[in-house]
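Asks: If you read the sequence shown in the numbering used here, its first letter stands for residue 924, the second for the next number, and so on.
We put the CB at the ideal spot given by N, CA and C, even for glycine.
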Amino acid sequence: MEFDTYLRFALALILVLGLIALLAWVLRRFGTGVKLSRGRRLGIVEVQALGPRHRLILLRRDQVEHLVIVGPHSETLVESGIIPPKSAAPETKQSFAQTLAAEEPKR
């Protein structure tokens, strides 16, 4: 084999490893997007990054929310027993056509 074959192999390997690393970073940063919250008592409502290694997490258990700061070596409960606002309850989703039909025409 010649040098250009080895070079093409090395570049392809670097490209594939770079794509795998990028995918892993995106999944870790933004989550997998899988929501399995039906019938469960415990769930994560929201996550906010405070720094490269610390997260502020809003947890919900039995319709009561808890605010927690999570770091690499510690967890701190900031506030407990938060009652979620009524607007945070899941609403029934309407289609765009139903929303337009409910609006009064402007004259």
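Do V991 and E998 have their C-beta atoms within less than 7 Å of each other?
Replies: Position 68 of the sequence shown, counting from 1, holds the residue named residue 991. Position 75 of the sequence shown, counting from 1, holds the residue named residue 998. Cβ distance < 7 Å, so V991 and E998 count as in contact.
Asks: Only counting runs of 3 or more residues, tell me where the beta strand (DSSP E) segments fall wholly within the segment 935-1015, in order along the chain.
Replies: Whole beta strand (DSSP E) segments, 3+ residues: 965-972, 978-984, 987-993, 998-1005.
Asks: Determine, using beta carbons only, whether R963 and D985 come nearer to each other than 7 Å.
Replies: In the sequence shown, residue 963 corresponds to position 40, counting from 1. In the sequence shown, residue 985 corresponds to position 62, counting from 1. Against a cut-off of 7 Å, the Cβ pair of D985 and R963 comes out as no contact.
Asks: Which value, in whole angstroms, describes the spacing of the CA atoms of E1002 and I980?
Replies: For the purposes of this step, residue 1002 is taken as residue 79 along the sequence shown, with counting starting at 1. For the purposes of this step, residue 980 is taken as residue 57 along the sequence shown, with counting starting at 1. Between E1002 and I980, the C-alpha separation is close to 11 Å.
Asks: Alpha carbon to alpha carbon, how far is A1024 from W948? Give it in angstroms, no decimals.
Replies: Here residue 948 refers to the residue found at position 25 when the sequence shown is read from its first residue. Here residue 1024 refers to the residue found at position 101 when the sequence shown is read from its first residue. The alpha-carbon atoms of W948 and A1024 are separated by roughly 43 Å.
Asks: In or out: R976 buried (at least 16 other Cβ within 10 Å) or exposed?
Replies: Locating residue 976 in the sequence shown gives position 53, where the first residue counts as 1. Result: exposed.
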